[in-house]
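Q: Chains as they are written, first to last, in UniProt numbering: chain L, 1 to 342; chain G, 1 to 342.
Even for Gly, the Cβ is constructed at its ideal location relative to N, Cα and C.
These numbers come from a predicted model, not from an experiment.
Attaching a single structure in structure tokens format; questions to follow.
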């Protein structure tokens with residue numbers, strides 16, 4: 001097909017969400033695809049990763065990464081196919097890990113593209129071998145520092161990050177308690193992933209169930225949700241517990257702080273008395289030094305069949321906004337990947 | 001004097017304080033001193049250290065150390081004199097670092113006693129070379145990890161811990177901002193201790209003054225007060241800031257949490273976005289591995305005249321409760337030491 005006859009479809013930010021995103025916050029636009037200059041490649045998106053951090057980019061609150069502007073294509077990791085190349089490093093047909101975002105095509109000068117090879121599924125470059133997997137690995141091992149026999153608790157336990165956190169903690173000899181929204185997710189985490197216990201955070205007895213599932217207390221709480229789970233974990237933390245803070249999805253849609261009392265003094269007092277270490281991290285800071293050792297160990301586990309990922313595949317470019325809204329509501333079951341089709 | 005004719009006076013916990021301690025919470029009792037068995041020494045208290053952690057021991061809330069029982073002698077570090085010895089390791093007249101608490105005499109079997117020698121003042125064993133100095137050193141260097149050129153903020157900056165934190169940070173090449181309750185304390189911290197800036201936390205423009213005093217933001221906030229100072233520091237924290245949590249004196253007397261909103265989600269979000277490390281510590285955990293290197297470096301600084309401590313000497317055993325109440329109110333100027341007299 002003549003490139004100039006192609007149209008590119010893009011999801012752009014239509015307006016900043018106020019609280020939970022709605023379909024009106026996204027706009028589908030069409031644009032022409034410029035012809036390639038020397039050194040450039042034309043990428044066609046095959047798989048788009050949807051991740052909670054994207055909600056932060058839609059906001060204009062100060063953060064670690066610049067906000068999206070209104071009208072800008074929404075950011076996101078992709079597995080893309082090189083459909084035309086004027087860059088000697090890439091050939092037509094190559095599959096690459098790219099950051100094309102929520103659009104069907106992107107012209108790239110090749111910077112930052114990585115070939116995707118040797119994976120059971122190319123989309124694993126967006127999950128186990130990609131940002132969520134690296135986030136799980138780095139936060140758990142380098143900040144959480146779990147020791148064999150310790151108890152690790154993680155929420156969103158069937159999700160892209162939580163499921164990997166728990167599996168790695170098991171591989172490292174820990175007792176692992178996963179928190180889910182119940183039902184088939186709860187079953188999957190215990191039966192398929194092999195966590196020691198899995199809980200339903202909506203259970204009326206959730207706090208008591210968590211205490212029972214962690215009879216020796218909690219040594220590492222991998223924080224990726226915040227809210228009521230954090231509150232239930234706090235009294236169970238052991239002395240010298242570690243809390244890697246990877247995300248607080250429960251708060252991403254919040255438009256105001258919850259009602260009081262203000263528990264910051266309580267938290268500070270507990271951090272002191274229990275000698276807790278609470279540390280935030282953003283995985284983008286750690287690629288340069290940390291990605292290679294992660295990729296090596298994860299590849300070994302993957303080849304040995306010791307780790308798995310469940311994908312929640314969404315079909316078609318058009319479905320992205322609705323799938324993202326559902327992700328923030330916890331409606332997904334597994335890592336959300338939008339399959340753009342061939 | 002025949003030992004059996006001596007009476008021992010003790011301050012015991014009369015009732016648990018409800019909020020700020022009052023004189024009624026303490027009771028002066030007299031007791032006999034038992035005669036010595038083989039291996040024991042009779043210690044006469046010369047100096048008693050008063051420290052904020054004692055407030056925690058008077059409470060029955062769960063904590064890292066057991067609560068005092070009603071009627072028990074209040075705990076505390078002392079510099080004591082051996083006035084009689086049936087232990088070959090100690091001779092009459094020896095000065096020792098002990099934990100006799102709020103009493104005039106103690107019979108000890110020698111366990112844990114350390115000879116106090118070679119200090120400009122024996123009471124320095126309770127401050128620079130003792131628990132407060134070690135607390136300052138360990139928290140700042142091993143948790144705060146300040147780098148030359150970074151900005152360190154510490155409150156209670158004329159006090160036993162804060163004054164040492166700031167002086168060490170200066171020795172390590174940092175910009176140091178001390179927070180005080182104003183007046184002569186504020187002047188002392190800047191003029192005598194050589195901090196770069198000193199502020200009055202009661203100033204109506206405190207937040208703006210702190211921002212001005214830390215034009216490049218805050219890299220290490222040594223937390224020993226909590227409350228309004230913590231709140232003013234938070235927005236100024238740089239990415240990758242460290243918060244060693246040594247104490248939260250502002251909350252020790254609190255009987256309930258402050259009014260809302262609940263800022264825990266805000267704090268968690270900030271820890272994530274700014275990749276902050278917040279870590280509590282209790283210095284008692286670190287004597288075994290950390291005291292020797294601390295003592296070596298501190299002795300060098302002391303001998304070289306590079307570090308100093310201001311003592312707030314309180315005269316007489318009877319004065320202990322009032323001095324302790326004043327310490328929690330910030331009325332002291334320097335390290336509070338009760339001089340029991342010869």
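Take residue 282(G) and list the residues in its own chain whose beta-carbon comes closer than 6 Å to its own, dropping the five residues that flank it on each side.
A: Here the set comprises 64.
Q: Could you list the residues in the stretch 265-283 of chain L with a C-beta less than 9 Å from some C-beta on chain G, going in chain order?
A: Here the close residues are 265, 266, 267, 268, 269, 270, 271, 272, 273, 274, 275, 276, 277, 278, 279, 280, 281, 282.
Q: Taking all protein chains shown into account, decide if residue 215(G) is buried (16 or more other Cβ within 10 angstroms of its Cβ) or exposed.
A: With fewer than 16 other Cβ atoms within 10 Å, it is exposed.
Q: Do you know offhand how far residue 257(L)'s Cα is from residue 115(L)'s?
A: Approximately 43 Å between the Cα atoms of the pair.
Q: Could you give the first and the last residue of the continuous beta strand (DSSP E) run that contains residue 98(G)?
A: Residues 95-98.
Q: Using DSSP with H/G/I as helix, E/B as strand and the rest coil, what is residue 134(G)?
A: Helix.
Q: For the structure I just gave you, are there three or more beta carbon pairs, one from the stretch 44-53 of chain G and one from the stretch 76-94 of chain G, closer than 8 Å?
A: With the cut-off at 8 Å, the stretch 44-53 of chain G and the stretch 76-94 of chain G touch.
Q: Is the beta carbon of residue 136(G) closer than 8 Å to that of residue 195(G)?
A: No, these two residues do not count as a Cβ contact at 8 Å.
Q: Under the rule that 16 or more other beta-carbon atoms within 10 Å means buried, what is residue 315(G), buried or exposed?
A: Per the 10 Å Cβ criterion, exposed.
Q: Taking all protein chains shown into account, decide if residue 306(L) is buried (16 or more other Cβ within 10 angstroms of its Cβ) or exposed.
A: Classification for residue 306(L): exposed.
Q: What first and last residue would you give for the alpha helix (DSSP H) that runs through residue 106(L)?
A: Taken as a continuous stretch (DSSP letters only), residue 106(L) belongs to no alpha helix (DSSP H), being part of the beta strand (DSSP E) at 105-108.
Q: Is there a Cβ of chain L sitting closer than 8 Å to that of residue 259(G), yes or no?
A: Answer yes: the Cβ-Cβ gap between residue 259(G) and chain L drops below 8 Å somewhere.
Q: Could you list which residues in chain G have their beta carbon closer than 7 Å to that of residue 245(L), in chain order?
A: In chain order: 268, 271, 272.
Q: For the stretch 229-308 of chain L, which segments carrying the beta strand (DSSP E) assignment without a break, of at least 3 residues, lie completely within its bounds, in sequence order?
A: Qualifying beta strand (DSSP E) stretches, in chain order: 237-245, 277-280.
Q: Taking 8 Å as the cut-off, decide whether the C-beta atoms of residue 21(L) and residue 325(L) are in contact.
A: Cβ distance < 8 Å, so residue 21(L) and residue 325(L) count as in contact.
Q: Counting only Cβ-Cβ distances shorter than 7 Å, please list the residues of the stretch 46-75 of chain G near chain L, keeping chain order.
A: Going along the stretch 46-75 of chain G in chain order, one finds 63, 64 with a Cβ nearer than 7 Å to chain L.
Q: Using only the alpha-carbon positions, how far apart do residue 212(L) and residue 236(L) sit?
A: When rounded, the distance between both Cα atoms is 10 Å.
Q: What three-state label does DSSP hand residue 167(L) in the structure shown?
A: Three-state result, residue 167(L): helix.
Q: Determine whether the Cβ of residue 248(G) lies closer than 8 Å to any Cβ atom of chain L.
A: Closer than 8 Å to some Cβ of chain L, the Cβ of residue 248(G) qualifies, so yes.
Q: Would you check if the distance between the CB atom of residue 218(G) and the CB atom of residue 232(G) is smaller than 8 Å?
A: No, the pair does not count as a contact, with Cβ atoms beyond the cut-off.
Q: Going by the DSSP bridge assignment, what does residue 102(G) pair with across the sheet?
A: Per DSSP, none; premise fails for residue 102(G).
Q: Per DSSP, which residues does residue 312(L) bridge with? Please list them.
A: Note: residue 312(L) sits in a beta bridge opposite 336(L).
Q: Since residue 58(G) sits in a beta bridge, which residues does DSSP pair it with?
A: Answer by DSSP bridge pairing: none, since residue 58(G) is not bridged.
Q: Label residue 284(G) either buried or exposed according to how many other C-beta atoms from any shown protein chain fall within 10 Å of its C-beta, with 16 as the threshold for buried.
A: With fewer than 16 Cβ atoms within 10 Å of its Cβ, residue 284(G) is classed as exposed.
Q: Does the beta carbon of residue 201(L) sit closer than 8 Å to a beta carbon anywhere in chain G?
A: No, because no Cβ of chain G sits closer than 8 Å to the Cβ of residue 201(L).
Q: Which chain G residues sit within Cβ distance under 8 Å of residue 285(L)?
A: Going along chain G in sequence order, the residues near residue 285(L) (Cβ under 8 Å) are 275.
Q: So with CB distances below 7 Å, who are the chain L contacts of residue 226(G)?
A: Those are 265, 268, listed as they occur along chain L.
Q: Which residues of the stretch 288-313 of chain G have a Cβ closer than 8 Å to any Cβ of chain L? Give them in chain order.
A: So the list is empty, because no residue satisfies the distance condition.
Q: From the beta carbon of residue 216(L), is the nearest beta carbon of chain G less than 8 Å away?
A: No, its Cβ sits nowhere closer than 8 Å to a Cβ of chain G.
Q: Report the partner residues of residue 222(L) according to the DSSP bridge assignment.
A: Per DSSP, 154(L).
Q: Give the straight-line distance between the Cα atoms of residue 59(L) and residue 25(L), rounded to the nearest whole angstrom.
A: Roughly 11 Å separates the two Cα atoms.
Q: If we define contact as Cβ-Cβ less than 8 Å, is residue 262(G) a contact residue for chain L?
A: Closer than 8 Å: yes.
Q: Would residue 66(G) be called buried (16 or more neighbouring beta carbons within 10 Å of its own) or exposed?
A: Result: exposed.
Q: Put residue 1(L) into one of helix, strand or coil per three-state DSSP.
A: Reliability of the predicted coordinates at residue 1(L) is poor, the pLDDT of 46 falling under 50, and no value is obtained from them.
Q: Measure the CB-CB distance between residue 352(L) and residue 269(G) and report whether it falls below 8 Å.
A: Absent from the model: residue 352(L). The displayed extent of chain L is 1 to 342, so no value can be given.
Q: Check whether the Cβ atoms of residue 160(G) and residue 331(G) lie closer than 8 Å to each other.
A: No. Outside cutoff.
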